[in-house]
Amino acid sequence: MIFGEIQKVDILAIGVHPDDIELSCSGTLLNQINKGYTVGLLDLTQGELGTRGNAEIRRKEAFDAAQLMGAKFRVILKNQDGFINFNEETSISIIEIIRASKPKILFANAKSDRHPDHGRAAKITADAAFLAGLEKIETNYEGVKQEKWRPNAVYHYLQDYTMEADFAVDITPFFDKKLDLIYCFSSQFDASEQNGPKTPISGKDFLDYIQAKNILFGRLAGYKYAEAYQVNRLIGVNDIFKLD
Ligand SMILES: [Zn+2]
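Residue numbers (our numbering): 13 to 256.
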């Protein structure tokens, strides 16, 4: 299922469940879009196991959020929610989108988190970024033979667990719009219970927690609000004045 048109983008943000991206790295994406960079979104499952909503409702919510964010496209794959695992079919489905969108930077789930899908998806996504650069893995997407492509970097956004981060991104001017993006997923985050029973993420306390984390990471980096990331390899910079 696709919103928009798959095209070359600067950043491809990947989450195993529709709403992982919004909760964890959407402030960063809004910041980069505001600076003129292009962004694509990829959800590995439809989130069909969520206590509230269903695949159809979550698809509409995810596409609304993509539009509000200003993303060029959003793809929702049909891997099995709750049981995402490394296998050829899942890997190829991710490699196809990486090769079709040629991102320089890939955002992926947290390497370890409360939801067991997140850690598995983090590894599957990082592996797919590597495998997408291997010539002898041949893929055809919509009838077109694809060229190899390996993103320069994979950054894992922190989501539920608070872990030591490798860098933080200032999202202060975009924090309110990040909340608007999260509220696009009204089936998940409506505290009134009109969309179903209370869940650990449906109440205002969960969004307060997200805000508190953005304040915590911001405080540590010298901003009001920030999102935080872990890396797989040492990151470098050739001008130390580019670091805050
Ligand atoms: Zn999730």
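Note that the Cβ used here is the ideal one computed from N, Cα and C, for glycine as well.
- Nearest C-alpha to Ala140 among Phe119, His127, Asp125 and Val156: Phe119.
- For Glu147, no beta strand (DSSP E) encloses it, and the DSSP letter there is neither H nor E.
- Excluding five sequence positions before and after Lys189, the CB atoms of its chain that fall closer than 7 Å to its own CB belong to Leu42, given in chain order.
- Counting along the chain, Gly52 sits inside the beta strand (DSSP E) bounded by residues Val51 to Thr57.
- Just so you know, the alpha carbons of Leu232 and Ala240 end up roughly 10 Å apart.
- Phe85 counts as buried, since no fewer than 16 other beta carbons sit within 10 angstroms of its beta carbon.
- Relative to ligand 1, Asp55 has its C-beta separated by 7 Å or more from all heavy atoms.
- By a beta-carbon distance limit of 8 Å, Cys37 contacts Tyr169. Their separation comes to about 4 Å.
- For the set Thr63, Gly131 and Thr137, the Cα lying nearest the Cα of Ser103 is the one of Thr137.
- Pairing Thr184 with Leu56, the inter-Cα distance amounts to about 28 Å.
- With a cutoff of 8 Å on beta-carbon distance, Ile222 and Leu35 are scored as near each other.
- Within the stretch 46-104, the beta strand (DSSP E) runs of at least 3 residues that lie entirely inside it are, in chain order, 51-57 and 85-91.
- Within the same chain, Tyr241 come within 6 Å of Phe179 by CB-CB distance, once the 5 residues on both sides are set aside.
- With a threshold of 7 Å, the Cβ atom of His29 counts as near ligand 1, since some heavy atom of the ligand is closer than that.
- Not a single heavy atom of ligand 1 lies less than 7 Å from the C-beta of Asp256.
- Between Ser113 and Ile18 the beta-carbon gap is near 6 Å, inside 8 Å, which marks them as a contact.
- Looking at Phe142, Lys225, Ile149 and Val181, the one whose alpha-carbon comes closest to that of Asn164 is Phe142.
- Judged by beta-carbon spacing, Ile107 lies within the 8 Å limit of Thr151, meaning their Cβ atoms are closer than that value.
- Here the C-alpha atom of Phe197 lies approximately 34 Å from the C-alpha atom of Gly155.
- Close CB contacts of Gly131 within its chain, under the 8 Å cut and outside five residues either way in sequence, are with Asn121, Ala122, Lys123, Ser124 and Asp125 (chain order).
- The C-alpha of Leu193 lies about 32 Å from the C-alpha of Phe253.
- For Ala224, there is no enclosing beta strand (DSSP E); the residue is part of the alpha helix (DSSP H) that begins and ends at Lys216 to Ala233.
- When secondary structure is reduced to three states using DSSP, Lys160 falls in the coil class, being assigned neither helix nor strand.
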